[in-house]
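Heads up, the sequence shown stops at 1407 in the working numbering, and the numbers go up one at a time, no gaps.
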Amino acid sequence: MGEEPPLKRAGVVRRGLPGLPPLPTSDREASELYQIVVRHSEHPPIMNDTSWTLAAPFKEQKHFRTPSESIANNYTPTAGQLKIQDLVKMKRTRRSDTIDLSLIKRAKTEPMQRHGTLVSLKSKKTVDSTETGEESQEPPSRPMTPTEQMNMMAVIERMEVGPLACERDFERYFYYVLKGVQRDMLAPPPSDQMRRIKTLIPHDLITKPLFEPLIQQLQTEVLEDYEFSLRKAIVDYILKDPRERARLFVNVTPTPYPLRVIRAPVPWHDVYHDAKQFTATHLFINNPMMLQLQYLWNDEFASLRFVYKDALLEAELPLLPNEFEVLVKKQCWQATEILKKKWLPACAALFIERKDLWQHLVPDNDTESTLLVQQYFACVATLMSLHLRSTVINSLGEFLDFLRIHKNGNDYSGEYNDIQYVMKTVILVKLKVTDPKIIFDPSFHECRDTIIRCFQEIIAGGEGLPRVEVELFPEMRQNHSRLQLRSVKLEESLVTHFVDEAMGIFKVNTAGPIRYLNSYRRYHDLLSGKASLDVTNFLKEEHSINGFKKKIEEYAALKDEISLLHITVPLSFFCLDCIQVNEELAGRAQKLKDRLIQYEVNENRELNRSICHRYDEMAERLNEVPETVEDLVNLQKYLIQCTDVTVYKLKEEIDEAAQRLLFLLDYAIFPVDDVKLNSTMFHWPEHMSTVFEVSSKRLSSKRDHSEDDLRNKIQEFEEKLAKYYQEIENFRKKEVMSTEEVKNNVDFLAQLHANLEEAQEELAELNNAEVLLGWEKTTFPILREMFTMKEPYEKLWNTVKLFNEKNEKWKNGSFQLLNAEEIENEVTEMWRTMYKLTKTFGDQPGPRNVAERTRGRIDTFKQYMPLLHIICNPGIRDRHWEEMSAVVGVDIHPEEDTSFTKMLEYGLKNYMDQLDGIGATAAKEYSLEKALKKMKSEWEGVNFEFIAYRDTVSGAQFNNRSLFMSA
């Protein structure tokens, strides 16, 4: 069998000189030597394949060095040209217990390198002084803060920065790091390295089976980091040689991240020391009791939630918003009770059980400070508050997860498909009719507020829980309102994020209900009242029975369509309860249908009643007993009209009523009264025939009797007119003018006038009866003649009576109440009447004598009219009476009851000329007085406002005020 190549055996590189690789087995196969040459042409080797040491750089092939020289060359490039045989051999001396001070000085003067970064600089002067042997007296450097040290190192790093590596340098550099150095060239890690690492980790973590995979992963990572660090260190060191960088085509090596080391002393050392001591005294989070509280929480209460998603899903959903809120409140209350009655007592029991962990912080007497124990329990409260907050936050997340089931929303296109949303709905929303639209009850705003209140309830469930010291020290319960665990606040950004996401889910779930609501648009006429108005307009018009039937069936079909609509509509988060709105719409359609039917029933009832009423009227009218001839004739005409016309029209209406009845029997149920009405109507024609026959016979008999009665009335009327004529003739001989006789004559003429008026009316009735019976009218010319004969006698005796009454009043009454102008007009009118009557009664001595005597009396009174005008002048004043008294020579000032006769007794008629002037003057003054009063009344309430006119003096006087004048 062929031996293994001398270079490698079982993956181990052999020391010694390289041998030739074996020849290829075929012409087509590239030889190993060729493959090596090709690989080295692209990436020249950085390490020797063989060496007398574990590893040697490739550049050592050109030199013959012993292993010691090669090692020195590798780790100290400046010793690359040194040979061990050329070095001066030093004699080994015994080690001295003293230290050479010159070596210390030399160490101080040499610059120090830290990972390629200069951390201390010496001035030239210092170096020179060291070389000359002079001792340098440097002042001690002040302490520098870490920031100042970092700034100084950054300045040095910027000073030393060189050219930046390009992408090609990076690629070749990492190739040599990862592939240029073989693994067998690397020194293995120390055998106890992993053991020492594990000693830094708590033993219980190392031994836990749960962490075994992680430990294995970390061990592998440590070995990989160790190997990578060795590779990188070898490549970095070789590339320090510029000739090697040129041979390997790596112009610039990547700059390593600077390692900056902060050196003591620092200015805040004392502060740090004090802070460390303060932390050791006041930091309680590492107290074992905190770990016990953590264990208690994680083992028993970490899974507690104020709201459980599964419990919500198991509830009898959907619920009304207020019912859903009650459900959430109940779960929150249960969780709060667990925290109050189990968690807090359990925490208090731990503190009582492990008093040794915290009792030393409690002061022994009241004079010592309680600061440490307060801080300790504040730390406990913070930890418990974190536990409580985690429950609240997890509960909020649990509730949000419950809502996230519906995060995809419920918007749909086309017709609603009831199997599209099969998940459990949450909120039940009822559709409610509020004319003229359908609304959600409760509204989306109320549902949104309910969701927000559920978040608030969850947060409120964690509020108000007392701290553990309240349980431990009962005397602190009076400060329970201040000693409470801190929970989540509604205004926190996390809660706001939860609420915003919930509101987003709520919003995308409002599209479906709104879209489904659009399916009721075709019933908008029922909601807006347009359908009712349409029925109203329909009923105002005249329609046939077929028209009513078509309209009724239309609303019946609409009601059936509405009855087939969904009564519940699941839409992911919401479930619409459509029972009420469907019933309302169906009820409205039914009402419109019933309205049409009822209208037709009512119309049928009214028409039937109208028919029966007209039959009743005919029967009642024909059964009447006529009182007058006119009634008799009209009743006969009515009988003829009924038998010839009316009865046939009613028969046609009864036929139409029969058709209506057949139509309504398909839709309506008639009450008993309507059934009786229909029966009565259909029996009326037969009953009416008997009524017509009886009425005809009775009216014929009544007519004969009326004609006989009319003949008797005409004869009696003739006798009455003859009597009235004789009474008028008696006035031709009357001439007595006594007061009593005058009064009797006037009254008798008035009664005679009334009798003649009645006779005239009676004549009209007789003539009307004659016309009604078809007779020729009877005329009585004497009646009109008697009116003419009576008129002069009425004027005569009425004027005589009037003058007698007025004459008494004018002469014996208070003259101050008299109006001279009116009296003159009345006297003139009476005189003219008497003058005309004197002419009229020329052939009648008695009446003519009365007229002449009365005219003479009137002439006598007319003589006093001038004096009456003077003393009855309304303008007469006291001064005028004094003037007239002076003329007459007697005081004639009137009293309230002074009569005209009294004034005549003063003999005023003898002084008419003087009195006439005084009366004229009083009349003119009275005219002026009336004119002034009228003017004042017209100007009353009129205001005159004066304003300035330019720059005149009068304008300046009235510029700032207004003058008002009342007429």
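Every residue, glycine too, gets a C-beta built ideally from N, C-alpha and C.
Evaluate residue i with the Cβ neighbour count: other Cβ atoms within 10 Å of its Cβ, from every protein chain shown; 16 or more gives buried, anything less gives exposed.
i: Phe1340; result: buried
i: Pro630; result: exposed
i: Phe913; result: exposed
i: Leu1372; result: exposed
i: His937; result: exposed
i: Met824; result: buried
i: Lys864; result: buried
i: Arg1028; result: buried
i: Met634; result: exposed
i: Ser883; result: exposed
i: Met1352; result: exposed
i: Asn1022; result: buried
i: His1409; result: Since the first residue of the chain shown is 441 and the last is 1407, residue 1409 is not available in this structure.
i: Trp1379; result: exposed
i: Glu897; result: buried
i: Ser491; result: buried
i: Gln1081; result: exposed
i: Gln771; result: buried
Is DSSP giving residue i helix, strand or coil here?
i: Val692; result: coil
i: Leu1103; result: It should be pointed out that residue 1103 corresponds to Phe in this sequence rather than to Leu. Of the three classes helix, strand and coil, the one that applies to Phe1103 here is helix, per DSSP.
i: Met584; result: coil
i: Ile898; result: helix
i: Ser1050; result: helix
i: Ser809; result: coil
i: Gln525; result: helix
i: Met730; result: helix
i: Pro705; result: coil
i: Met487; result: strand
i: Leu1277; result: helix
i: Gln1303; result: coil
i: Leu1242; result: helix
i: Ser984; result: coil
i: Pro906; result: strand
i: Pro1314; result: coil
i: Lys564; result: Because Lys564 carries a pLDDT of 39, less than 50, the predicted location of this residue cannot be relied on, and the following value inherits that uncertainty. Helix.
i: Gln924; result: strand
i: Leu759; result: strand
i: Ser631; result: coil
i: Ser853; result: coil
Measure the alpha-carbon distance for residue i versus residue j and round it to whole angstroms.
i: Pro953; j: Tyr816; result: 56 Å
i: Glu500; j: Thr493; result: 12 Å
i: Arg700; j: Arg623; result: 30 Å
i: Ile992; j: Lys1033; result: 5 Å
i: Leu604; j: Asp676; result: 16 Å
i: His1193; j: Lys1230; result: 8 Å
i: Leu979; j: Lys990; result: 13 Å
i: Gln1284; j: His1145; result: 49 Å
i: Lys1142; j: Ser1136; result: 10 Å
i: Pro1287; j: Asp1299; result: 19 Å
i: Glu1180; j: Leu1189; result: 14 Å
i: Thr587; j: Met729; result: 39 Å
i: Thr950; j: Cys887; result: 10 Å
i: Tyr1039; j: Ser968; result: 22 Å
i: Glu574; j: Leu723; result: With a pLDDT of 46 at Glu574, under the threshold of 50, the modelled position of this residue cannot be trusted; read the value that follows with caution. Each residue's alpha carbon lies about 54 Å from the other.
i: His555; j: Pro694; result: The predicted position of His555 is uncertain, since its pLDDT is 36 and thus under 50; no value can be drawn from it.
Quick one: what's residue i bridged to in DSSP?
i: Pro1010; result: Cys1015
i: Leu871; result: Phe880
i: Leu640; result: Looking at the DSSP assignment, Leu640 forms no beta bridge with any residue, so it has no partner.
i: Pro497; result: Met487
Since I believe residue j is in contact with residue i (beta carbons under 8 Å), could you give me their beta-carbon distance rounded to a whole number of angstroms?
i: Tyr1346; j: Val1330; result: 6 Å
i: Leu1242; j: Met1270; result: 7 Å
i: Glu838; j: Lys749; result: 5 Å
i: Tyr956; j: Tyr856; result: 6 Å
i: Leu1016; j: Val869; result: 6 Å
Let me see if you follow: with CB-CB separation under 8 Å, is residue i close to chain D or not?
i: Asp1114; result: Of the chains in the structure shown, none is chain D; there is only one protein chain.
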